[in-house]
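For what it's worth, UniProt numbering labels the leading residue of the sequence shown as 1, then goes sequentially.
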Amino acid sequence: MKIYAHRGYSAKYPENTLVAFRATAELEVEGVEFDVHLTADRQVVVIHDEKINRTSNGSGYVKDMTFEELRQYDYGSWFSDEFAGEVIPTLAEVLDVFKDTNHHINIELKSDIFVYAGLEELVLREVEKQGMMGRVVISSFDHEAVKRVAELVPDVENAALFVNMILDVADYQKKLPAKALHVCLPTAVRKPVLEAISKGSIVRVWTVNDIQYVDPLLQIGVDSIFTDEPEMMLEFLKKGV
Ligand code: G3P
Ligand code: CA
């Protein structure tokens, strides 16, 4: 079972910050997952929500603020005073953390609520610039964005995200096209997912923070899990499931 640190090492560090990514870079996990949005001045920034309210001392929508405006807030204190002063990172800064590691990088395009015109191009351009095209997977709930990624760079790994499953998802995946399916934990055990796995689909599952789910997911042929607790999962898998 491959492990991806979800939003960086988000159980121990403030999600989607450089301190969380640097801690992940030290771990022997397969990869890291994080989320990107576009600022008013078209910078690709790493944050989960459309608004900065939950994970900073500021407020407002990422899309309405410039990078300079967003950068003045503190994205660590909400989690713990120990992390005061963490800033919102750019995609370039996060990729740089993993430049000299072997980690697989899952960039989730958060274009499912607001349309971020050209986000796919900007992300792919940065990945290419940093020479990391061979070890990224670009995913989204916005399947038009997943399709656009495949049109722009057919060889790059892309993945469609699902909360609810659809019938004959393997056929849907082939037509999109998407190289993998990322599904939420309760959906992972549904019949269409099991059928897709039997037809050869790569399935990754979020968010798995309890070791009791690892063995059942292994049994059904899930490729990877996203977890906020990468060290705990590594320890568990080392002991042998
Ligand atoms: O990419 C998998 C997972 O992160 C999707 O859900 O809300 O954590 O971005 P969310
Ligand atoms: Ca995500």
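Even glycine gets a Cβ: it sits at the ideal position worked out from N, Cα and C. Just so we're clear, the structure is a prediction, and the values are computed from it rather than from any experiment.
When the options are compared against residue i, the one with the closest alpha-carbon
i: His37; options: Glu195, Gly240, Lys175, Ile107; result: Ile107
i: Asp228; options: Trp206, Tyr213, Leu217; result: Trp206
i: Val153; options: Ser140, Asp168, Glu128, Ile166; result: Glu128
i: Ser80; options: Ala23, Pro14, Leu161; result: Pro14
i: Ile197; options: Val97, Leu185, Val169; result: Val169
i: Glu82; options: Val156, Val19, Leu181; result: Val19
i: Ser201; options: Arg190, Lys110, Val222; result: Val222
i: Lys175; options: Asn164, Ala160, Pro186; result: Ala160
i: Gly118; options: Arg42, Ile220, Ile3; result: Arg42
i: Met132; options: His103, Leu109, Lys110, Glu144; result: His103
i: Gly78; options: Gln219, Glu28, Lys239, Arg54; result: Going by the sequence as given, residue 78 is Trp instead of Gly. It is Arg54.
i: Gly134; options: Lys110, Glu144, Lys99, Leu109; result: Lys99
Own chain, CB closer than 6 Å to residue i, minus 5 neighbours either side, in chain order
i: Arg148; result: Glu120
i: Leu124; result: Leu152, Val153
i: Asn158; result: Ile138, Val146, Val149, Ala150, Ala178, Lys179
i: Asp112; result: Phe141, Asp142
i: Lys51; result: Tyr61
i: Leu122; result: Val44
i: Tyr73; result: Ser56, Asn57, Gly58
i: Arg190; result: Met165
Residue i CB to nearest heavy atom of ligand 1 below 8 Å
i: Trp78; result: no
i: Lys179; result: no
i: His103; result: no
i: Leu27; result: no
i: Ser224; result: no
i: Ser139; result: yes
i: Thr187; result: no
i: Thr55; result: no
i: Asp210; result: no
i: Thr17; result: no
i: Asp155; result: no
i: Asp35; result: yes
Sub-9 Å separation of residue i and residue j beta-carbons
i: Val45; j: Ile105; result: no
i: Met232; j: Ala25; result: no
i: Glu86; j: Tyr75; result: yes
i: Arg7; j: Glu30; result: no
i: Thr66; j: Thr39; result: yes
i: Val183; j: Phe162; result: yes
i: Val97; j: Arg22; result: yes
i: Val203; j: Leu181; result: yes
i: Ala5; j: Pro230; result: yes
Other residues of its chain near residue i: CB distance less than 8 Å, five sequence neighbours each side excluded
i: Glu126; result: Val44, Leu91, Ala92, Leu95
i: Leu217; result: Met1, Ala188, Val205, Val208, Ile225
i: Ile211; result: Met232, Met233, Phe236
i: Arg71; result: Val87, Ile88
i: Asp64; result: Ala40
Heavy atom of ligand 2 within 8 Å of residue i beta-carbon
i: Glu108; result: yes
i: Arg7; result: yes
i: Phe114; result: no
i: Phe162; result: no
i: Phe236; result: no
i: His143; result: no
Cβ neighbours of residue i in the same chain (closer than 7 Å, five flanking residues each side left out)
i: Ile166; result: Tyr172, Pro192
i: Asn16; result: Arg7, Gly8, Phe34, Asp35, Val46, Ile47, His48
Near ligand 3: residue i beta-carbon under 8 Å from a heavy atom
i: Thr207; result: What this structure holds is ligand 1 and ligand 2, not ligand 3.
Length-filtered (3 minimum) beta strand (DSSP E) runs lying within the segment 15-56: 31-38, 44-46
Which complete beta strand (DSSP E) runs does the segment 128-166 hold, if anything under 3 residues is left out? The DSSP assignment places 136-140, 157-162 as complete runs of the beta strand (DSSP E) inside the segment 128-166, in order along the chain (cut-off: 3 residues).
What are the start and end residues of each continuous alpha helix (DSSP H) run of 4 or more residues lying completely inside the segment 185-215, in chain order? 185-188, 191-198
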